[in-house]
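Enquirer: Handing you this structure, nothing more for now.
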Amino acid sequence: MPTLNRKAIFTTAVSGISLTILASCGGPDGRKAPENMNPPGDSIEKTSLSSMLPCESLTREQEHDIRTQDTGTPKEIGNAKSCRWNLPEGALSVTFHADKSIKEINLSSGEKKTFKINQKEGVIATGISEGSCTAAIPANSAETVTIDAVGNNDTESCDLVRNVAPMVEKNISEN
Numbered sequence: 103m104p105t106l107n108r109k110a111i112f113t114t115a116v117s118g119i120s121l122t123i124l125a126s127c128g129g130p131d132g133r134k135a136p137e138n139m140n141p142p143g144d145s146i147e148k149t150s151l152s153s154m155l156p157c158e159s160l161t162r163e164q165e166h167d168i169r170t171q172d173t174g175t176p177k178e179i180g181n182a183k184s185c186r187w188n189l190p191e192g193a194l195s196v197t198f199h200a201d202k203s204i205k206e207i208n209l210s211s212g213e214k215k216t217f218k219i220n221q222k223e224g225v226i227a228t229g230i231s232e233g234s235c236t237a238a239i240p241a242n243s244a245e246t247v248t249i250d251a252v253g254n255n256d257t258e259s260c261d262l263v264r265n266v267a268p269m270v271e272k273n274i275s276e277n
């Protein structure tokens with residue numbers, strides 16, 4: 103009787119186990135598609151950040167209105183996609199967290215307050231660093247957009263964030 107090659111048996115077994123695990127987990131990264139927690143007609147679930155680019159979260163007219171000095175520079179920060187615009191007295195960034203709900207966004211330092219953006223409840227944080235302000239708004243139940251401004255002081259930065267957040271939320275909701 104022929105002797106079976108141990109390496110071939112091991113490789114076959116590992117391949118079979120891997121395929122079984124992948125099939126039961128939903129994909130190669132182990133994540134299943136998020137379950138829809140809202141009724142089918144709920145517009146919050148219609149937005150998906152994974153198919154959008156942060157540099158497209160503001161229109162050219164909106165960029166002009168907030169006096170950006172460029173059309174935005176795309177960046178990737180870990181699993182998040184981001185875009186940064188230079189301003190006369192600072193900078194603005196919009197970051198798409200397609201893998202984090204608003205509850206998973208870390209705004210641990212600074213003073214946090216809730217605020218409404220159109221129909222959504224977000225969080226705004228000041229004092230994370232001097233002259234900065236960050237807003238986090240849910241794109242849906244599993245994804246979040248953060249808007250960061252850095253300027254002369256927290257008040258000016260937060261005014262900019264409060265001005266830009268509704269623009270971004272409207273643009274991503276319409277996409």
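One gets my numbering by counting positions in the sequence shown from 1 and adding 102 to each. Using N, Cα and C, we set each Cβ at its ideal position, and we do this for glycine too.
1) Can you find the residues in the same chain that come closer than 7 Å, C-beta to C-beta, to residue 206, ignoring five residues on each side of it along the sequence?
2) Do residue 245 and residue 228 have their beta-carbon atoms positioned less than 8 Å apart in this structure?
3) Might you give, ordered along the chain, the residues of its own chain that have their beta carbon closer than 7 Å to the beta carbon of residue 193, omitting 5 neighbours on each side?
4) Just to confirm before moving on: does the CB-CB distance between residue 241 and residue 226 stay below 8 Å?
5) I'd like the list of long-range same chain contacts for residue 202, defined as Cβ closer than 6 Å, with 5 residues on each side in sequence excluded.
6) Residue 264 by DSSP, collapsed to three states: which one?
7) Ignoring anything shorter than 3 residues, give me the beta strand (DSSP E) runs that lie fully in the stretch 186 to 225, in order along the chain.
8) Exposed or buried, which one is residue 176 when buried takes at least 16 other CB atoms within 10 Å?
9) Since I believe residue 189 is in contact with residue 273 (beta carbons under 8 Å), could you give me their beta-carbon distance rounded to a whole number of angstroms?
10) Spatial neighbours of residue 258 within its chain, please: CB distance less than 7 Å, with the 5 preceding and 5 following residues excluded, ordered by chain position.
11) Name, in chain order, the residues that DSSP records as bridge partners for residue 248.
Expert: This is what the structure holds:
1) If you number the sequence shown from 1, residue 206 lands on position 104. Contacts found: none.
2) In the sequence shown, counting from the first residue as 1, residue 228 sits at position 126. In the sequence shown, counting from the first residue as 1, residue 245 sits at position 143. Result no, Cβ atoms of residue 228 and residue 245 do not sit closer than 8 Å.
3) Working through the sequence shown from its first residue, we reach residue 193 at position 91. Cβ neighbours of residue 193 within its own chain (closer than 7 Å, five residues either side excluded): 186, 187 and 252.
4) What you label residue 241 is simply residue 139 of the sequence shown in a count that begins at 1. What you label residue 226 is simply residue 124 of the sequence shown in a count that begins at 1. For the pair residue 241 and residue 226, the CB atoms are not nearer than the 8 Å cut-off.
5) For this step, residue 202 is matched to residue 100 along the sequence shown. Here the set comprises 246.
6) For the purposes of this step, residue 264 is identified with residue 162 of the sequence shown, where counting begins at 1. When secondary structure is reduced to three states using DSSP, residue 264 falls in the helix class.
7) Listed in chain order, they are 192 to 199 and 213 to 219.
8) Stepping through the sequence shown from its first residue, residue 176 is reached at position 74. Classification for residue 176: exposed.
9) On the sequence shown, position 171 is the one that residue 273 refers to. On the sequence shown, position 87 is the one that residue 189 refers to. So it is not a contact: roughly 19 Å between Cβ atoms.
10) Taking the first residue of the sequence shown as position 1, residue 258 is located at position 156. Excluding the 5 residues flanking it on each side, residue 258 has no same chain C-beta neighbour closer than 7 Å.
11) In the sequence shown, residue 248 corresponds to position 146, counting from 1. Residue pairing for residue 248: DSSP places it in a beta bridge opposite 197 and 238.
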